[in-house]
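Visitor:
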Ligand SMILES: Cc1cc2nc3c(=O)[nH]c(=O)nc-3n(C[C@H](O)[C@H](O)[C@H](O)COP(=O)(O)OP(=O)(O)OC[C@H]3O[C@@H](n4cnc5c(N)ncnc54)[C@H](O)[C@@H]3O)c2cc1C
Ligand code: SF4
Ligand code: SF4
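Residue numbers (our numbering), protein chains in the order written: chain R, 265 to 358; chain B, 58 to 535.
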């Protein structure tokens with residue numbers, strides 16, 4: 265199908281998940297953020313706002329694109345690095 | 058450059074020199090970076106003549122040039138294989154350049170289609186107006202451009218560097234550069250015994266440019282300087298592709314979409330034909346996505362549903378979804394390009410040419426990678442790896458027209474991202490065209506009144522249009 269929901273689209277991508285997260289989000293900073301840029305810009309929809317004002321983040325299906333840390337303007341909210349060599353996203357067609 | 062007189066291009070070249078000279082020694086824009094903790098290599102680290110970080114087009118080009126000159130070259134790639142982390146449209150317009158390195162490269166490389174048709178489409182929500190360019194002259198070697206798939210192309214290109222004698226180490230992520238005094242002398246790979254020494258480190262690690270930042274050559278980016286591209290490869294029958302896009306055989310087309318295709322977000326869309334698939338995607342300025350709270354994959358869906366795009370992608374099956382950032386600000390975000398023992402090339406140096414109808418990064422990556430490789434070879438001939446010696450990289454970039462192109466188009470990114478150009482003009486062009494073509498029994502009006510009427514309805518003064526025309530001329534025309 266041409267039009268598909270994001271979850272299905274994400275299933276077309278191969279990830280070799282590292283057991284150590286390469287991105288860590290600091291909940292304490294996010295609690296005070298009203299912009300929530302990460303929630304909108306992440307192409308994999310990995311930032312989920314919670315009812316209590318926090319942010320739920322899961323690094324496992326990350327494209328390693330960098331958009332979140334570039335969009336976020338709160339100092340110290342996102343600690344960002346690449347996964348260990350060979351781990352993370354592996355494109356076959358891109 | 059074709060538009061510049063001899064004097065003008067000389068002045069430009071001098072300007073390039075001046076600016077790079079100023080940047081040399083201080084970080085461009087804003088406060089100097091705080092000096093980071095600098096690590097030195099551990100004793101016993103293995104030594105190479107050149108270490109290239111990143112096996113994208115910039116890195117493989119640099120490694121190939123240096124290895125061919127007989128240097129001991131190590132090419133480090135963090136992915137499982139070269140290309141496994143990389144995303145482009147991809148329309149590759151560097152065929153003639155690559156032909157310099159590998160004659161008749163297209164005969165052995167994984168290419169999809171040679172591009173003979175280029176379309177620029179101005180979009181509103183319901184309408185599109187397109188310029189459709191087609192020539193058989195782009196169907197002859199060395200060809201003007203090819204559609205490619207990066208995981209396949211990059212893997213092949215890195216293999217050419219290996220065939221020339223470079224060592225390739227996959228699954229190796231570099232975390233920092235290593236120093237002795239004010240000289241870069243190697244890199245630290247994230248693994249045991251990960252320190253490696255080199256006379257010259259060439260950072261080709263792509264758009265996020267962490268190594269240049271780590272070495273203090275690049276500053277942090279602003280969200281308005283970077284765009285996010287999301288893309289899909291849609292499987293489609295070869296015959297259907299030929300019929301739908303009016304192709305003969307292995308020829309192909311590239312369509313760039315501007316206007317409301319990304320709604321109010323600053324950006325655009327693209328669609329390229331591969332052999333048995335389409336590559337299509339949308340690109341949005343990160344600050345603009347955040348400001349308008351638009352999710353990139355929703356824009357991609359809107360794009361695919363547009364009445365002029367939907368019939369082109371009908372029946373396609375999503376093979377792979379991908380995302381990657383693009384450095385967009387060109388000249389205004391160039392890092393310091395070299396320091397003692399280190400050079401920066403490709404997207405890592407923000408040498409990606411983005412301006413409306415142009416999205417050319419792969420060709421400039423190869424050009425700058427070659428220039429960096431050449432500079433490293435020359436430095437080895439003199440056994441001088443100081444910043445002064447590596448400054449010849451700038452000469453090589455100039456000789457290859459890289460810096461001069463970026464300098465002469467330095468006004469384009471700002472103009473292209475302005476709201477009038479992003480949405481209003483495509484809207485006007487479409488509305489104007491509709492008035493020209495609509496037949497409703499009223500009097501047939503002439504073009505000027507239609508144009509003025511369209512402007513009046515959009516509440517925009519002809520003076521603004523003239524100002525923008527001047528800006529457009531300055532950016533693209535002369
Ligand atoms: C959606 C999209 C569409 C595009 N379309 C086009 C197009 O049609 N035509 C065109 O010419 N350009 C296009 N571009 C731009 C083009 O993709 C880039 O300009 C080009 O890839 C730059 O090449 P590079 O070698 O400098 O960097 P990259 O291709 O990004 O390569 C960098 C390499 O370094 C590796 N690496 C990064 N960090 C490390 C580290 N720390 N340690 C080890 N390895 C590392 C990466 O895994 C990667 O292999 C597009 C870009 C995007 C995002
Ligand atoms: S990551 Fe940044 S943008 Fe997202 S909620 Fe936290 S502080 Fe806000
Ligand atoms: S790097 Fe990209 S894909 Fe990963 S969390 Fe950040 S925005 Fe999402």
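Glycine residues also receive a C-beta, built at the ideal position from the N, C-alpha and C atoms.
Taking the Cβ atom as the reference point for each residue, do residue 230(B) and residue 278(R) lie within a distance shorter than 8 Å?
Guide: no
Visitor: If you measure between the beta carbons of residue 291(B) and residue 337(B), is that distance less than 8 Å?
Guide: yes
Visitor: Since residue 287(R) and residue 338(R) are thought to touch, with beta carbons under 8 Å apart, how far apart are those beta carbons, to the nearest angstrom?
Guide: Between residue 287(R) and residue 338(R) a beta carbon distance of about 15 Å is seen, past the 8 Å cut, so the two are scored as non-contacting.
Visitor: In terms of residue numbering, what span does the beta strand (DSSP E) encompassing residue 384(B) cover?
Guide: Element bounds for residue 384(B): 374 to 384.
Visitor: With DSSP as the reference, label residue 303(B) as helix, strand or coil.
Guide: Residue 303(B) carries a coil assignment under DSSP once its states are collapsed to helix, strand and coil.
Visitor: Is there a Cβ from chain R that is less than 8 Å from the Cβ of residue 470(B)?
Guide: no
Visitor: What residues in the region 376 to 406 of chain B have a beta carbon less than 7 Å from any beta carbon of chain R?
Guide: 376, 377, 378, 379, 380, 381, 382
Visitor: If contacts are defined as beta-carbon pairs under 8 Å, then residue 435(B) and residue 449(B) qualify, I think. What distance do you get, rounded to the angstrom?
Guide: 6 Å
Visitor: Anyone know if the C-beta pair for residue 380(B) and residue 327(R) falls short of 8 Å?
Guide: One thing to note: residue 380(B) has its Cβ within 8 Å of the Cβ of residue 327(R).
Visitor: Around the C-beta of residue 420(B), are 16 or more other C-beta atoms found within 10 angstroms, so that it is buried, or is it exposed?
Guide: buried
Visitor: With DSSP as the reference, please indicate the residues paired to residue 104(B) in a beta bridge.
Guide: 254(B)
Visitor: Is residue 281(R) near ligand 3, in the sense that its beta carbon is under 7 Å from a heavy atom of that ligand?
Guide: no
Visitor: Are residue 407(B) and residue 259(B) touching if we call contact CB-CB under 8 Å?
Guide: no
Visitor: Does the distance from the CB of residue 367(B) to the CB of residue 222(B) come in under 8 Å?
Guide: Taking 8 Å as the cut-off, the beta carbon of residue 367(B) is found no closer than this to the beta carbon of residue 222(B).
Visitor: What is the residue span of the beta strand (DSSP E) that residue 283(B) lies within?
Guide: 283 to 292
Visitor: What residues in its chain sit with their C-beta under 7 Å from that of residue 159(B), if we drop five residues either side in the sequence?
Guide: 217.
Visitor: In or out: residue 276(B) buried (at least 16 other Cβ within 10 Å) or exposed?
Guide: buried
Visitor: With hydrogens ignored, establish whether the beta-carbon of residue 380(B) is closer than 7 Å to any heavy atom of ligand 3.
Guide: Yes, since a heavy atom of ligand 3 falls inside the 7 Å radius drawn around the Cβ of residue 380(B).
Visitor: With a threshold of 16 other CB atoms inside 10 Å of the CB of residue 320(R), please say whether the residue is buried or exposed.
Guide: exposed
Visitor: First and last residue of the beta strand (DSSP E) that includes residue 330(B)?
Guide: 324 to 330
Visitor: Looking at C-alpha atoms only, which residue of 466(B), 178(B), 240(B), 144(B) is the closest neighbour of residue 388(B)?
Guide: 466(B)
Visitor: Does the CB of residue 270(R) have a neighbour CB from chain B at under 8 Å?
Guide: For residue 270(R), the nearest CB of chain B lies under 8 Å from its own CB, placing it at the interface with that chain.
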